[in-house]
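See structure below.
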Amino acid sequence: MNLPIKILGTGHYVPNQVVTNHDLEKIVDTSDEWIVSRTGIKERRKVNHETTHEMAYLASKKALEEAKIDASDIDIIIVATITENQKTPAVANFVAGLLGIEHDVMSFDLNAACTGFVYALEVAASLIQHPKYRKALVIGAETLSNVLDYTDRNTCILFGDGAGAVVLEKGQEQQLGYFYNTSRPDMTNTLDVGKYIKMDGRKVFLFAVEVIEKSILKVLNDANLSLDDIDHIIPHQANERIILAVSKSMNVSMDKFVMNIASYGNTSAASIPLTLSEYKKKHSETKTLLFVGFGGGFTYGAAIVKV
Ligand code: COA
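Sequence positions in the sequence shown follow the numbering used here and run 37 to 343.
Structure (structure tokens):
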């Protein structure tokens, strides 16, 4: 079923503190060569003082500016995150407060790990079909450095901090909004975040390659489109080698995938909106894009939209 949406603006925020692979060489037994060859990551960002909600707010402010929309027009705020600084108020409540919203606004957080943004976009797209909602803000924001064990070289090299946001409204019927979001519950602690992120990297890698391909094909089929109709695919940025494996197995050129993992590492729910926002600064014309996410849970999903 099509849930047509129009994305009116995108924005992102990353902390200015850069942590390079060489910085990590001083903390754990690793090397720039190992990290780049195994993951494609060269550096990532780390918060100085920013909270998840401050980054979410700053990304949203930019998205609203780009959309030329006033915060008073926003009726829904959804923040996809696994790194809220406190249980309640939700990050989305803080964002509403920081934007100075005083009218009725539905604001809540959503946890679907690294697939969170794709999930949140479908939730917003579904709600916004109702005439009582005018516009929605969907945000992915993470301070993963707060849950990294800097003595565990298996994980601390992979993740970074950042936020991305989109403003959307209901689209005309010919506009696109196709979504496929699902999960395959995993109770064996393959990827979990308690005090720290813990992960069986190899198992996650194999899962990711399998479900990215499955999600892309499913959402294309539902939309009755082929990959030739898609300008670019924005995948969750977890590991360049995962995307290389997908590109090979699906026989799709790497040029089709938008990648920025070298600069930011894996920013979980923030990675797709952050990549999208950077992409839109380079491509102002409307593009047909496919987002694909996967992560803890296991969750996974894909979306096709025009942006
Ligand atoms: N630096 C140097 N060596 C490291 C290292 C690091 N940062 N991390 C692990 N190693 C070592 C391991 O200890 C292991 O050594 P051993 O053979 O002596 O035991 C060796 O490198 C190979 O480890 P392995 O886990 O098999 O490496 P890999 O090729 O599978 O790459 C990941 C590891 C984590 C990069 C890869 O599995 C991965 O990216 N998985 C997906 C993770 C992910 O995307 N998670 C988030 C999903 S949303």
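Yeah, the Cβ is synthetic: ideal placement off N, Cα and C, and Gly gets one too.
Quick caveat, the model's predicted, so the values are computed rather than measured.
Asked, Found
"Residue 290 to residue 283 span [Cα, whole Å]", "6 Å"
"Residues that DSSP places opposite residue 171 in a beta bridge", "110 and 205"
"Per DSSP, cross-strand counterpart(s) of residue 115", "145 and 175"
"Residue 293 beta carbon less than 8 Å from that of residue 271", "yes"
"Pairwise C-alpha distance: residue 339 and residue 146", "17 Å"
"Exposed unless 16 or more other CB atoms sit within 10 angstroms - verdict on residue 186", "exposed"
"Proximity of residue 333 and residue 219 at Cβ, strictly below 8 Å", "yes"
"Environment of residue 48 [buried if 16+ CB atoms lie within 10 Å]", "buried"
"Of the residues 121, 151 and 62, the one placed nearest residue 306, counting alpha carbons only", "151"
"Presumed contact (8 Å Cβ cut-off) between residue 88 and residue 177, rounded CB distance", "5 Å"
"Straight-line gap, residue 343 to residue 227 (C-alpha atoms, nearest Å)", "32 Å"
"Backbone secondary structure at residue 56 - three-state DSSP", "strand"
"Through-space distance from residue 138 to residue 189, alpha-carbon basis", "45 Å"
"Beta-carbon proximity of residue 217 to residue 300, cut-off 8 Å", "no"
"Reduced DSSP category for residue 231 - H, G, I as helix; E, B as strand; rest coil", "coil"
"Cβ-based burial, residue 166 [other Cβ within 10 Å; buried from 16]", "exposed"
"8 Å contact criterion, which residue 173 and residue 110 should meet: CB distance rounded", "5 Å"
"Identity of the residues DSSP links to residue 346 by a beta bridge", "The structure shown has nothing for residue 346, since the chain only spans 37 to 343."
"Residue closest to residue 51, alpha-carbon to alpha-carbon, out of 247, 198 and 245", "198"
"Minimum C-alpha distance to residue 304 - residue among 252, 132 and 328", "328"
"For residue 103, the nearest candidate out of 118, 68, 201 and 194 (CA to CA)", "201"
"Residue 91 beta carbon near the ligand COA (any heavy atom closer than 7 Å)", "no"
"Alpha-carbon to alpha-carbon, residue 309 and residue 153", "7 Å"
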